[in-house]
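Numbering (this note's numbering), first residue to last: 82 to 328.
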Amino acid sequence: MIERNMQVFDTSRYSFLSDPQKALDDYFELGYHIEPAVYSDEECADLIKAGHELEDAKNDIFRPCMMPHRQNPLYIKAMKKPLIVEIISAMVGGQAAGLQSEFFYCKPGTRGFSLHQDNFYVEAEYGVFASAWAALTDTYYEKGGLIIYPESHKEGALPVRKLNLGSDSAQDPNANNEETVVPPHYSAYNVAIPKGAVLFIHGHLVHGSNPNQTSEWRHVLLNTYIKSGEKFRAGFYAKREEVPLAD
């Protein structure tokens, strides 16, 4: 745990910088890992500024922007962050390739996604797909922080149920169509992530977002990765394709 401005933030027991094997073991056990200070304050500010210059944002449309790396090379640079690539490659068991980027605005009164497993959309083999959820501002329960179900990744693919929560122009159209059915023996945990830290998420870990109840925007950059050469679903809307990460 770390504390800043009276807010307590979560950290993992081990860092990949100092104890990479122990950090990896914990990731395999829990289904997630928090690495602090991956992006600097300046990098976070630059990514937020670029987010508000994306095509939809210029038209006052603030639903999450899929594949911003196809609009601005700054997001390619963020996807290729060497520490992230090193960590993800260890997590997926081989050289990682980028797969998808998404910029979340999460303005006051909105939220990100209902409970889901990222691999539900990608349909990759177990263990070869993972996500890097970067907090560009401090995130916590009241500010749209994530809900995670530690160890739920061990279940593999879980069933989903349909939802009817209506549409919102400030949210992804697929964000609340369905939710993962979580077995009752798993407990929800509201995780607080400080600006610049990255929450690494196993492809089968159940997670979702709380509503943003504050007056501030909750900016997040999500990058997803797959072990290079593995099969995945491209998607009609996302049109995923491998992004080589080696310079």
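C-beta atoms are modelled at their ideal positions from N, C-alpha and C, and glycine is treated no differently.
Comparing C-alpha distances from Leu135 to each of Pro154, Pro117, Glu124 shows the shortest one belongs to Pro154. Measuring C-alpha to C-alpha distances from Ser268 to each of Lys276, Cys146, Arg242, His234 identifies His234 as the nearest. Approximately 7 Å separates the beta-carbon atoms of His197 and Glu260; this is inside 8 Å, confirming the contact.
Around the CB of Gln102, fewer than 16 other CB atoms lie within 10 Å, so the residue is classed as exposed. Ser309 and Pro189 do not touch by the CB rule: their CB atoms are close to 39 Å apart, not below 8 Å. Taking C-beta separations shorter than 8 Å and ignoring five residues to either side along the sequence, the partners of Ser212 in its chain run Asp199, Phe281, Ile282, Gly284, Leu303, Asn304, Thr305, Tyr306, following chain order.
With a threshold of 16 other beta carbon atoms within 10 Å, Pro265 falls short and is exposed. Of Asn291, Tyr221, Lys162, Met148, the smallest CA-CA separation from Ser121 is found for Lys162.
About 14 Å separates the Cβ atoms of Leu227 and His300, ruling out a contact at the 8 Å cut-off.
As the crow flies, the alpha-carbon of Pro117 is around 10 Å from that of Phe97.
Taken through DSSP and simplified to helix, strand or coil, Met160 comes out as helix. Judged by DSSP secondary structure, Leu326 falls outside any beta strand (DSSP E); it is assigned neither H nor E.
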